[in-house]
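>
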Amino acid sequence: MTDDPVVARIQLGILLRELREDADHTAAEACRHLGCSAGKMSQVENGKQGMPIEQVAALLDFYRADDTASAEALRLAAVPWPRRRRRRRALYQEAIPRTTRRYVALEADASEIVAYDNAVINGLLQTEGYARALLRSGAPYAGSQEINAKLEIRLNRQRGLTREVDPLRLDVIIDEACLHRMIGGREVMAGQLRHLLDMSERENVRLQVLPFEPKATPNQDEYFVACSNFHILKLSERGSLVYIEDFAGGTYPEDILVIQEYAAAFERLRAAADDQDDSQALLAKVVTKYE
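Read in order, the letters of the sequence shown correspond to residues 1 to 291 in UniProt numbering.
(1) Mapping the DSSP letters down to three states, classify Lys285 as helix, strand or coil.
(2) Do the segment 192 to 211 and the segment 141 to 150 touch if we need at least three Cβ pairs shorter than 8 Å?
(3) Compare the C-alpha of Asp274 against each of Gln192, Asp175 and Gln260 and name the closest.
(4) In three-state DSSP terms, what is Lys234?
(5) Tell me which residue opens and which closes the beta strand (DSSP E) that Tyr252 is part of.
(6) Tell me, which residues are paired with Phe210 by DSSP?
(7) Going straight from the alpha carbon of Ala73 to that of Leu235, what length do you get?
(8) Can you name, in chain order, every residue of its own chain whose Cβ lies under 7 Å from the Cβ of Ala263, other than the five neighbours on each side?
(9) Could you tell me the alpha carbon to alpha carbon distance between Leu196 and Ala139, rounded to whole angstroms?
(10) From this set, Ala69, Glu187, Ile14 and Pro167, which residue's C-alpha is nearest Ser42's C-alpha?
(11) Beta-carbon separation of Leu188 and Tyr141 under 8 Å?
(12) According to the Cβ coordinates, are Leu19 and Glu45 closer than 8 Å?
(13) So, with DSSP's three-state summary, where would you put Glu201?
(14) Is it true that the CB of Leu76 sits closer than 8 Å to the CB of Ala23?
(15) To the nearest whole angstrom, what separates the beta carbons of Val169 and Ser111, a pair I think is in contact under 8 Å?
(16) Apart from the five residues on each side of it in sequence, which residues of its chain come closer than 8 Å, Cβ to Cβ, to Leu155?
(17) Which residue marks the beginning of the alpha helix (DSSP H) containing Gly39, and which one marks its end?
(18) On the three-state DSSP scale, how would you describe Ser228?
(19) Using only the alpha-carbon positions, how far apart do Tyr223 and Glu21 sit?
(20) Going along the chain, which residues of its own chain have a beta-carbon closer than 7 Å to the beta-carbon of Tyr116, five neighbours each way excluded?
(21) From which residue to which residue does the alpha helix (DSSP H) around Asp109 run?
(22) Under a Cβ-count criterion, where at least 16 other Cβ atoms within 10 Å of its own Cβ denotes burial, should Ser137 be classed as buried or exposed?
(23) Going by DSSP in three states, Ala23 sits in which element: helix, strand or coil?
If you want it as structure tokens, here you go:
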């Protein structure tokens, strides 16, 4: 469940599209029912524009949505937007790139995330300083308002780990290279690694480091199957889904066999990684490099 208005809009758009397709209606038919333009429907289903609750209710009736889906859609439509000047609101809406909108919505609905990250620290574990430096490096010509909007959303996504009721469970393996790749300078890196140590003490966070020299396993070379970042999201209503990160933004293979293959790959990575105690010791050692 999310109270972030951007994420809520994305989730609402995905849900309305799914309900429309399940009801075997075209977007044009939905537009005619509401008396709105095709452009507006596209904006809503893509999570870039909100929709009044009255219109959402009319669509739910048109789609013959069940009580559970209707309640969720109405809840998402009711998430309020904070008062912002129009320009700032536009920046906030555009802060999540189109290629990652689906992931952010699914992440907010997940009860557990299993993740392997080999380039940078997982977004849910990034400090403000590290995240800001990373966002700046990825968009060197962006203005401060745009960077601040992206940063605000990234930090809001982390709330799931620290909420008091049913916190998000995160089982993450981080490649040692992430600890040595300088992002934001020495002070930022020291703060980031200390934050990893703090988060690794939480009951809902399991953090392991895959060292440069992994420990011996029965099939020592098999962990190299994981050549790119991947996240397995365990969703409350839809089972598990795997997200494979790539340059274009990522893919979501739905074949259950592919999901099982990535789950098995993660277990091989776990076998090759340091255990939690050794991972904490490695983090503490690398911190001294930056102090």
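Note that CB positions come from ideal geometry on N, CA and C, so glycine has one too.
To lay it out plainly:
(1) helix
(2) no
(3) Asp175
(4) strand
(5) It is not in any beta strand (DSSP E) - Tyr252 carries neither H nor E in the DSSP assignment.
(6) For the sequence presented, residue 210 should be read as Leu rather than Phe. Partner(s): Asp175.
(7) 17 Å
(8) Ile232
(9) 25 Å
(10) Ile14
(11) Residue identity check: residue 188 is Val in the sequence provided, not Leu. Not a contact, by the Cβ cut-off of 8 Å.
(12) No.
(13) coil
(14) No, these two residues do not count as a Cβ contact at 8 Å.
(15) Here the sequence assigns Arg to residue 169, which means Val is not the residue at that position. Indeed they touch by this definition, with Cβ atoms about 7 Å apart.
(16) Glu128 and Ala131
(17) Ala38 to Glu45
(18) Shown here, Ser228 sits in coil according to DSSP, grouped into three states, outside any helix or strand.
(19) Only weak support exists for where Tyr223 lies, its pLDDT of 47 falling under 50; the coordinates are left without a value.
(20) If we look at Tyr116 and ignore the five residues flanking it on each side, its Cβ neighbours are Ile173, Ala226, Asn229, Phe230, Phe266 and Leu269.
(21) Arg101 to Asp109
(22) exposed
(23) The answer is coil: DSSP assigns Ala23 none of H, G, I, E or B.
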